[in-house]
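**Student:** Each residue of the sequence shown is one higher than the one before, counting from 1 in full-length UniProt numbering. Take a look at this one; I'll ask things after.
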Amino acid sequence: MTNDIDLHVGKRLRRRRRLLGLTQQQLAESVGIRFQQIQKYECGANRVSASRLFELAESLDVPVQYFYEGLSKRDEAGGDDTLAPDVLSQKETVDLIRAYYRLGERPRKRLLELAKSLEPEEAANDAA
Numbered sequence: 001m002t003n004d005i006d007l008h009v010g011k012r013l014r015r016r017r018r019l020l021g022l023t024q025q026q027l028a029e030s031v032g033i034r035f036q037q038i039q040k041y042e043c044g045a046n047r048v049s050a051s052r053l054f055e056l057a058e059s060l061d062v063p064v065q066y067f068y069e070g071l072s073k074r075d076e077a078g079g080d081d082t083l084a085p086d087v088l089s090q091k092e093t094v095d096l097i098r099a100y101y102r103l104g105e106r107p108r109k110r111l112l113e114l115a116k117s118l119e120p121e122e123a124a125n126d127a128a
């Protein structure tokens, strides 16, 4: 039976792995386990131990707390500008982020300003 917290940690694990462009096999090798175990962690079927979570955090270059972000009530009450929970796990989003960070600083700033200018007027007024 899958626990909501285990499922959340697994989703965060998958999100970070994909963002870094790693396969399950590559991540598994970096912490000395089989890729099937990564699969089970990512779907929440297996609980990640504290020591394994620490190893995964180091391999993925994030603090351990990263895996728990979004769990507390305070994090959920972020307001209208919060992202849908699964938006960062979508391939399109990951591809966009990778392309964005391949740009130089000036083109990134210009692209960000362009994206902001394309926001619907109601959203721009709400943000002000």
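Idealized CB from N, CA, C, for every residue including glycine.
Count the other CB atoms, across all protein chains shown, that sit within 10 Å of the CB of R74; report buried if there are 16 or more and exposed otherwise.
**Tutor:** For R74, the predicted model reports a pLDDT of 43, less than 50, meaning its position is unreliable; a value from the coordinates is still stated below. Classification for R74: exposed.
**Student:** Roughly how many whole angstroms lie between the Cα atoms of Y68 and I33?
**Tutor:** Using only the alpha carbons, I get a separation of about 22 Å.
**Student:** Which of the three DSSP states, helix, strand or coil, is assigned to P63?
**Tutor:** Looking at P63 - three-state DSSP - the assignment turns out to be coil, as it is neither helix nor strand.
**Student:** G10 and E58: beta carbons closer than 8 Å?
**Tutor:** Taking 8 Å as the Cβ cut-off, G10 and E58 do not qualify as a contacting pair.
**Student:** Please name the residue in E119, R15, I5, D4 whose C-alpha comes closest to that of K91.
**Tutor:** Comparing Cα positions, the closest option is R15.
**Student:** Got a sec? Which residues, its chain only, sit under 8 Å from S89 by beta carbon, not counting five neighbours each side?
**Tutor:** Answer for S89: K11, R14, R15, R18, listed in chain order.
**Student:** Would Y100 pass as a contact of L111 if the rule is Cβ separation under 8 Å?
**Tutor:** Result yes, Cβ atoms of Y100 and L111 sit closer than 8 Å.
**Student:** For a quick check, are the C-beta atoms of L20 and L60 less than 8 Å apart?
**Tutor:** Their beta carbons are under 8 Å apart, which means L20 touches L60 by this criterion.
**Student:** Kindly indicate the opening and closing residues of the alpha helix (DSSP H) around A45.
**Tutor:** Premise fails: A45 is in no alpha helix (DSSP H) and is neither H nor E.
**Student:** Helix, strand or coil for R34 per DSSP?
**Tutor:** Correct three-state label for R34: coil.
**Student:** With the cut-off set at 8 Å, would you say G70 and N3 are in Cβ contact?
**Tutor:** Not a contact, by the Cβ cut-off of 8 Å.
**Student:** Closest to L7 by C-alpha separation, out of Q39, T23, L27, would be which residue?
**Tutor:** Closest by alpha carbon: Q39.
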